[in-house]
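Beneath this line is the structure, given in structure tokens, with notes to follow.
Protein chains: 2
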Amino acid sequence: MTQRPIVETEQLVKAKLGDIAIRHDQMAVVANIHRAASAVRQHVENSVLRGADLTWTGFVVLWVVWISGETETRLVAEEAGISKGTLTGVARTLESRGLVRRIEHPSDGRRVLLGLTDEGEELMRTLFPDFNAEEAFVAAPLSAEECRSTADALRKIVVQVETHGEERRLELLDGAEPAPRRSGRRAKG
Amino acid sequence: MTQRPIVETEQLVKAKLGDIAIRHDQMAVVANIHRAASAVRQHVENSVLRGADLTWTGFVVLWVVWISGETETRLVAEEAGISKGTLTGVARTLESRGLVRRIEHPSDGRRVLLGLTDEGEELMRTLFPDFNAEEAFVAAPLSAEECRSTADALRKIVVQVETHGEERRLELLDGAEPAPRRSGRRAKG
DNA sequence: CTCGTACAATTCGGTGCCGAACGACAACGG
DNA sequence: CCGTTGTCGTTCGGCACCGAATTGTACGAG
Numbered sequence: 001m002t003q004r005p006i007v008e009t010e011q012l013v014k015a016k017l018g019d020i021a022i023r024h025d026q027m028a029v030v031a032n033i034h035r036a037a038s039a040v041r042q043h044v045e046n047s048v049l050r051g052a053d054l055t056w057t058g059f060v061v062l063w064v065v066w067i068s069g070e071t072e073t074r075l076v077a078e079e080a081g082i083s084k085g086t087l088t089g090v091a092r093t094l095e096s097r098g099l100v101r102r103i104e105h106p107s108d109g110r111r112v113l114l115g116l117t118d119e120g121e122e123l124m125r126t127l128f129p130d131f132n133a134e135e136a137f138v139a140a141p142l143s144a145e146e147c148r149s150t151a152d153a154l155r156k157i158v159v160q161v162e163t164h165g166e167e168r169r170l171e172l173l174d175g176a177e178p179a180p181r182r183s184g185r186r187a188k189g
Numbered sequence: 190m191t192q193r194p195i196v197e198t199e200q201l202v203k204a205k206l207g208d209i210a211i212r213h214d215q216m217a218v219v220a221n222i223h224r225a226a227s228a229v230r231q232h233v234e235n236s237v238l239r240g241a242d243l244t245w246t247g248f249v250v251l252w253v254v255w256i257s258g259e260t261e262t263r264l265v266a267e268e269a270g271i272s273k274g275t276l277t278g279v280a281r282t283l284e285s286r287g288l289v290r291r292i293e294h295p296s297d298g299r300r301v302l303l304g305l306t307d308e309g310e311e312l313m314r315t316l317f318p319d320f321n322a323e324e325a326f327v328a329a330p331l332s333a334e335e336c337r338s339t340a341d342a343l344r345k346i347v348v349q350v351e352t353h354g355e356e357r358r359l360e361l362l363d364g365a366e367p368a369p370r371r372s373g374r375r376a377k378g
């Protein structure tokens, strides 16, 4: 992923837009969040996860269930940062690999719990240390202190979106229709 | 996305693994990179991009072509941080929306250039300022200085993976077979 | 000119991903 | 009891995503 120098990008944008003010520091941090996320994800998938035939998301779901124990799918999705619709599919994949099992909720027929199988437990016991070693590898250029302050800054962004995002989106629409999504299921017709 | 407190997570991991050393600062920074990336992406898709019927990736590809001008698809993919196979599909989508056009390379029949249509140019001119405003919104809790240092730290991670990732992956395999991917095209049979 | 090698983009299998619609169940009021 | 209202997980349409195989073009060696 060749990175275009920031200054150069800025000049190019200026050429396109004239002197409209651009928030370049903010632009740079957002761009780099995504660059870093995909670089890290790909590195980890191609090192430790490939051998176990897991995707990043599959691993994250296993991780959540491993740490939390048997958990309602709704909560697993939330912790893993994916939609519940996506979780259904990922859980199906993991179930077919024998790593996860579905357990019916003892008192509520709507709910489903997710738990690891013995094989899943065993896999996480051996895989997590390797995973963590790659986390350490990618973060190696940062001091422990830099790790903490970076994690802090990122957390602030997450909190910002979670606490003010909804409100902001409504404000941007300003009474207008919520703009339908082109893809997605249609009403029965 | 409810975030489990770091300390609690750490204790839970300890309960699972005993006293095996865990790099928790590095773990936290990697986890937060992904939380932030998906939070930002979702916020922007659901605010400015939804109305234009664009995905995040679609927008990034438009952005790259907008800034760079007519560009070989190979380079667009690299700049956008996606595989060339993915780019083919995304470009097809954008082409069907009339935002992008394919141009044959003047001297090399293998290469294909991507350029914006007039409609694409016009869209970017109006859309980019809105996009940038949301970047500013999500980064609002950070000072300009924090933005820069965070972007810096993230850039170091990207550089680390790009310069040492390949070597690291080879070292981890240590002569073993490169581990096939389960999904993906099979040899003709 | 004719290979063979190199490199370009596309094709394609399997999965991830979102969010609206949906069906099943729960909870509560009458 | 029986509707109503809300919540749960699943289904599903359309797109994104990777990477190996494939197809098509370029180009140097012989």
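Top to bottom, those sequences are chains D and B.
Each step along the first sequence adds one to the number in the working numbering, with nothing skipped, and position 184 is 184.
If you count the second sequence from 1, you need to add 189 to reach the working numbering.
Beta carbons are placed, not taken as given, at the ideal position from N, Cα and C, and that holds for glycine.
Model, not experiment: these values are computed from the prediction.
Residue i, enclosing alpha helix (DSSP H) - first and last residue
i: R380 of chain B; result: What is shown of chain B runs 190 to 378, which leaves residue 380 of chain B out entirely.
i: L305 of chain B; result: Element bounds for L305 of chain B: not the alpha helix (DSSP H) but the beta strand (DSSP E), 301 to 305.
i: G165 of chain D; result: 144 to 173
Exposed unless 16 or more other CB atoms sit within 10 angstroms - verdict on residue i
i: P98 of chain D; result: For the record, residue 98 of chain D in the displayed sequence is Gly; it is not Pro. Flag for G98 of chain D reads exposed.
i: T262 of chain B; result: buried
i: H105 of chain D; result: exposed
i: D25 of chain D; result: buried
i: E171 of chain D; result: exposed
i: A15 of chain D; result: exposed
i: K188 of chain D; result: exposed
i: G270 of chain B; result: buried
i: G207 of chain B; result: exposed
i: E177 of chain D; result: exposed
i: K156 of chain D; result: buried
i: I67 of chain D; result: buried
i: A210 of chain B; result: exposed
i: S47 of chain D; result: buried
i: A342 of chain B; result: buried
i: G109 of chain D; result: exposed
i: R371 of chain B; result: exposed
i: G184 of chain D; result: exposed
i: T126 of chain D; result: exposed
Residue i - containing beta strand (DSSP E), residue span
i: G278 of chain B; result: Where G278 of chain B is concerned, there is no enclosing beta strand (DSSP E), although the alpha helix (DSSP H) it sits in stretches over 273 to 285.
Chain D contact for residue i (CB, 8 Å cutoff)
i: P295 of chain B; result: no
i: M190 of chain B; result: In this predicted model, M190 of chain B has a pLDDT of only 49, less than 50, meaning its place in the structure is not dependable; the value taken from the coordinates is given anyway. Cβ-Cβ to chain D under 8 Å: yes for M190 of chain B.
i: A308 of chain B; result: Looking at the sequence itself, residue 308 of chain B is Glu, so the reference to Ala does not match. It does not: the Cβ of E308 of chain B has no partner Cβ on chain D nearer than 8 Å.
i: S285 of chain B; result: no
i: R375 of chain B; result: no
i: R263 of chain B; result: no
i: G354 of chain B; result: yes
i: G270 of chain B; result: yes
i: L343 of chain B; result: yes
i: L331 of chain B; result: yes
i: R212 of chain B; result: yes
i: E259 of chain B; result: no
i: V229 of chain B; result: yes
i: L251 of chain B; result: no
Short CB-CB distance (under 8 Å) between residue i and chain B
i: D174 of chain D; result: no
i: E162 of chain D; result: yes
i: I33 of chain D; result: yes
i: G58 of chain D; result: no
i: T150 of chain D; result: yes
i: R168 of chain D; result: yes
i: A91 of chain D; result: no
i: V30 of chain D; result: yes
i: G115 of chain D; result: no
i: V65 of chain D; result: no
i: L127 of chain D; result: no
i: G51 of chain D; result: yes
i: T9 of chain D; result: yes
i: V158 of chain D; result: yes
i: V13 of chain D; result: yes
i: V100 of chain D; result: no
Paired residues, beta bridge with residue i - DSSP
i: E72 of chain D; result: D:L113
Requested in this report: Ignoring anything shorter than 4 residues or poking outside the region 221 to 257 of chain B, list the alpha helix (DSSP H) runs there in chain order.
Outcome: 245 to 257
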